[in-house]
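Taking it in order: structure first as structure tokens, then the write-up.
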Amino acid sequence: FGFVHESIRQLMLRKYGEALWSNVVERSGFEIGKENIVNHYYKDSDTYLIVDSVSVITKMTREQVWEMYGAFLIEYTMEMGWDELVRSLSPNLKGFLDNLDSLHYFIDHVVYKANLRGPSFRCEENQDGTITLHYYTGRPGLYPIVKGVIREVARRVFELDVSLSITGRTQRSVQMTIGERIEEHVIFQVKLEGNANSDNFIAKMPPAVPESSENYLRLTSVDFATALPYHFIMDEECKLIALDFDNICNFINAVFVLQARSIPGEARRNTNSDSSTDDISHGSMIQGLHLTLKGQMMMLSSNKHIIYLCSPYVTSIPELLQYGMRLTAMPLHDATRDIILLNQQRLSDVEVNLQLEANNEQLETMARDLEKEREKTDGLLKDLLPPTVAQQFFNNEDIEAKQYEEASVMFSDIPQFSTIVIKSEPKQIVVMLNDLFTRFDRLVGFHDSVYKVETVGDCYMTVAGIPDHVMEHAEILCHTALGMLWESREVHDPRTGDALLVRIGIHSGPIIAGVVGDDKPRYCMYGNSITTASLMETHSLPGRIQLSAKAHLCATRTGRFEFVARGRIPIRGKGEMETFFLQRSLKKSIWEIVRRPRDPAVHSIEGYDELLNICQPGAVENRLADMRSLMINPHDGIPTSKTCSIS
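Read in order, the letters of the sequence shown correspond to residues 1 to 647 in full-length UniProt numbering.
Written out as structure tokens, the structure is:
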């Protein structure tokens with residue numbers, strides 16, 4: 001049962017830690033959480049897989065693992081609330097071993113209601129004060145568990161120090177009703193070490209009581225049969241197949257379960273009713289059942305006869321009714337009556353526990369699914385808000401608008417976008433923009449201090465230096481802009497197949513930013529710096545990055561770039577402004593910026609030669625023809641296109 005797996009798990013966790021147990025589970029082929037379901041029946045091969053994995057990972061032999069587990073099993077069992085039962089079995093170690101069979105039977109058939117074949121133990125007292133323990137099992141190789149169990153029980157329960165040695169180990173093939181199985185017989189010699197109290201090891205013989213012939217309590221056979229209705233006595237000539245006199249003596253401490261050849265006559269009489277078809281079918285069903293008897297074999301004083309004192313092996317009311325029996329069939333002193341009634345409650349509890357386990361597993365599945373959905377939601381929110389602001393939102397903190405004295409804003413767009421839209425299919429436009437913006441998103445994702453504000457049409461807006469201020473805000477945006485210029489070469493105009501040319505504008509200055517909206521929060525920015533950055537992009541040229549004088553100053557303050565002064569140009573609504581074109585970075589190559597491998601056979605070392613020659617001869621005329629279709633601003637004579645307006 002899963003209890004074995006759970007106890008092995010607890011042993012590994014306490015001795016080696018969580019990481020080792022995870023390796024054991026993975027090596028055994030189990031899913032985490034599925035290897036130790038307490039009420040689940042696991043095959044022996046599953047348990048052996050786990051033990052073998054423990055053996056390999058801990059570099060211990062399998063026998064050492066089993067012996068260590070046997071000692072821990074007693075410790076864990078007593079921690080789980082079975083300590084009183086273990087201590088109440090016997091006042092001495094031999095009595096404890098004599099009662100192990102009945103304890104196994106109780107756990108298998110009453111606690112777990114399973115038809116398992118547990119091991120069997122038989123003790124012999126030796127003249128030298130040692131104990132010879134015979135251990136029989138249908139699972140060969142588990143005898144080291146016995147060594148660990150006995151040593152730990154002796155130490156914890158009886159305060160004894162004992163040594164165990166194996167004096168014999170044999171195996172034989174036994175023919176069972178379900179087939180053939182290998183049965184192992186191991187003989188241990190248990191010896192008391194030190195000067196411990198021997199009364200806790202082997203019980204002393206009780207003092208002889210003088211017999212008095214005057215006060216014999218005589219019991220007739222009728223009285224005996226009335227008091228113990230389920231019994232029989234056999235002599236040495238019993239003819240039971242595969243159950244001879246010597247075998248019974250070998251397992252005298254075991255619980256014997258015998259199967260009757262047919263149901264009791266009373267049950268047949270109760271079912272021999274022709275009143276209805278249901279009665280006939282019910283009687284036929286009962287005729288096919290065989291009542292089992294559970295009890296104890298006892299050697300009589302003659303040493304030539306054995307009496308079997310037993311009770312019907314019935315553990316539930318439905319089972320009782322199947323045999324046509326009632327509780328009155330059991331003597332009042334028979335504990336079977338109490339077991340039947342208690343088992344009804346236990347079955348109900350088991351059903352509740354199974355349902356709770358199923359519900360718990362369902363809740364765990366729902367919790368995992370909910371966590372995945374929460375991660376998706378968090379991811380979407382982080383796309384809407386900067387990470388720092390998103391974390392404040394998750395923590396239900398107040399997010400106040402702030403004024404930032406200095407930050408950098410960048411806009412980019414496609415100058416010939418209006419012409420492309422007119423002459424292309426809608427799907428082609430969406431595919432093109434998705435490819436372009438996905439590449440831009442990748443570049444923005446390289447820097448924690450860069451935040452993608454939004455996209456409107458073909459316009460892509462980013463900001464650096466807010467909400468977390470960094471001195472390198474302009475330098476970072478310049479590197480990002482160079483990468484965007486390079487990546488746009490890999491996206492093609494759906495009309496002509498030519499590489500796209502984007503234009504970029506950057507400005508640095510004060511910005512007001514804050515979250516607007518509760519149900520659909522947006523991180524919005526306001527100020528003259530936003531308008532100026534948009535105008536830098538609008539008045540830039542295809543394939544160029546234009547910076548204002550303030551952005552140029554901030555970029556050179558922390559970075560090393562090559563600029564070309566454009567001079568003072570008229571800017572709509574601003575008059576004349578001094579601007580600069582960004583040529584290259586002197587700190588990073590294009591390959592370092594875009595984080596893509598360089599092809600030595602095709603690309604230059606830095607990559608800027610290709611970037612500066614992005615407009616190849618022969619293609620310029622075609623690009624200029626496209627530009628003629630753009631709107632011309634009558635005030636400054638500089639070609640412009642529609643872009644997003646953010647104030």
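Glycine included, C-beta positions come from ideal geometry on N, C-alpha and C.
*Please work out which residues of its chain come closer than 8 Å, Cβ to Cβ, to Asn92, disregarding the five sequence neighbours upstream and downstream, and give them in chain order.*
Phe158, Asp199, Asn200, Phe201, Ile202, Ala203
*Below 8 Å, can you find three or more Cβ-Cβ pairs linking the stretch 69–80 to the stretch 134–151?*
yes
*Quick one: measure Cβ to Cβ for Gln546 and Thr496, integer angstroms, because I've assumed they're closer than 8 Å.*
Incorrect: roughly 25 Å between the Cβ atoms, too far for contact.
*asked:* On the CB-based measure, 16 or more other CB atoms within 10 Å of its CB, does Met12 come out buried or exposed?
replied: buried
*Which term fits Ile286, buried or exposed, when burial requires 16 or more other beta carbons within 10 angstroms of its beta carbon?*
Below a pLDDT of 50, predicted positions are generally treated as unreliable, and Ile286, at 44, falls in that range; no measurement from the model is reported.
_My parser needs the alpha helix (DSSP H) runs of 4 or more residues fully inside the stretch 165–191; what are they?_
none
_Under 8 Å, with one C-beta from each stretch per pair, do the stretch 493–511 and the stretch 547–558 reach the 3-pair mark?_
yes
_DSSP state of Ser641 mapped onto helix, strand, coil_ = With a pLDDT of only 36 at Ser641, under the threshold of 50, the placement of this residue in the model should not be trusted; the figure read from the coordinates follows. Three-state DSSP puts Ser641 in coil, outside helix and strand.
*Reducing DSSP to helix, strand and coil, say where Ala154 ends up.*
helix
*Tell me the start and end of each unbroken alpha helix (DSSP H) in the stretch 407–488 that is at least 4 residues and wholly inside, in chain order.*
417–423, 426–445, 473–488
*CA-CA distance, Leu541 and Phe440?*
19 Å
*Relative to the alpha-carbon of Asn195, which residue among Thr170, Ile187, Ile182, Leu160 has its alpha-carbon at the smallest distance?*
Leu160
*asked:* Using C-beta distances below 8 Å, list every residue in its chain close to Val51, excluding the 5 sequence neighbours before and after it, in chain order.
replied: Ile8, Arg62, Val65, Trp66, Tyr69
_Please report the straight-line C-alpha distance between Val174 and Gly138, rounded to a whole angstrom._
9 Å
_Residue environment, Asn434, which counts as buried when at least 16 other CB atoms sit within 10 Å_ = exposed
*Are the stretch 377–385 and the stretch 474–491 touching by the rule of at least three beta carbon pairs closer than 8 Å?*
no
_Using only CA atoms, which one of Thr292, Arg595, Asp498 lies nearest to residue 648?_
Residue coverage of the chain in this structure runs from 1 to 647, which leaves residue 648 outside it and unanswerable.
*Quick one: Cα of Glu31 to Cα of Arg117, how far?*
28 Å
*asked:* Using 8 Å for Cβ pairs, my map puts Ile57 next to Arg14. What's the rounded Cβ distance?
replied: Contact doesn't hold; Cβ gap of about 16 Å is too wide.
*Presumed contact (8 Å Cβ cut-off) between Cys554 and Ser408, rounded CB distance*: 6 Å
_To the nearest angstrom, how far is the alpha carbon of Met298 from that of Leu309?_
8 Å
*asked:* Pull the bridge partners of Gln392 from the DSSP assignment, please.
replied: Per DSSP, none; premise fails for Gln392.
_Using 8 Å for Cβ pairs, my map puts Gly2 next to Tyr42. What's the rounded Cβ distance?_
6 Å
*Counting Cβ pairs, one atom from each stretch, are 3 or more of them under 8 Å apart for the stretch 456–470 and the stretch 387–407?*
yes
*Is there contact here, the stretch 180–196 with the stretch 122–137, by at least three beta-carbon pairs under 8 Å?*
yes
*Would you call the stretch 399–415 and the stretch 451–463 touching, i.e. three or more CB-CB distances under 8 Å?*
yes
_Span separating the alpha-carbon of Gly17 from that of Asp46_ = 21 Å
_Residue environment, residue 728, which counts as buried when at least 16 other CB atoms sit within 10 Å_ = There is simply no residue 728 to check, as the chain begins at 1 and stops at 647 in what is shown.
*Have a look at Val491 and Leu485 and give me their C-alpha separation to the nearest angstrom.*
11 Å
*Of the choices Leu535, Ser589, Val314, whose alpha-carbon is the least far from that of Pro570?*
Leu535
_Residue closest to Met80, alpha-carbon to alpha-carbon, out of Phe121, Leu142, Arg368, Val4_ = Val4
*Contact check, Pro494 vs Ser418 under 8 Å by CB: the rounded distance?*
In fact, because the Cβ distance is near 14 Å, the residues do not count as touching under 8 Å.
*Assuming Arg544 and Glu562 form a contact by the criterion Cβ under 8 Å, report the distance between their Cβ atoms to the nearest whole angstrom.*
About 13 Å; that fails the 8 Å criterion.
*Secondary structure of Ile263, DSSP reduced to three states*: For Ile263, the predicted structure reports a pLDDT of 49, less than 50, and the residue's modelled location is therefore unreliable. The matter cannot be settled from this model.
*How is the alpha helix (DSSP H) around Ile506 delimited, first residue to last?*
Counting along the chain, Ile506 falls outside any alpha helix (DSSP H), though it belongs to the beta strand (DSSP E) covering 503–516.
*Just checking my contact of Val162 with Val190 at CB under 8 Å: how many whole Å lie between their CB atoms?*
6 Å
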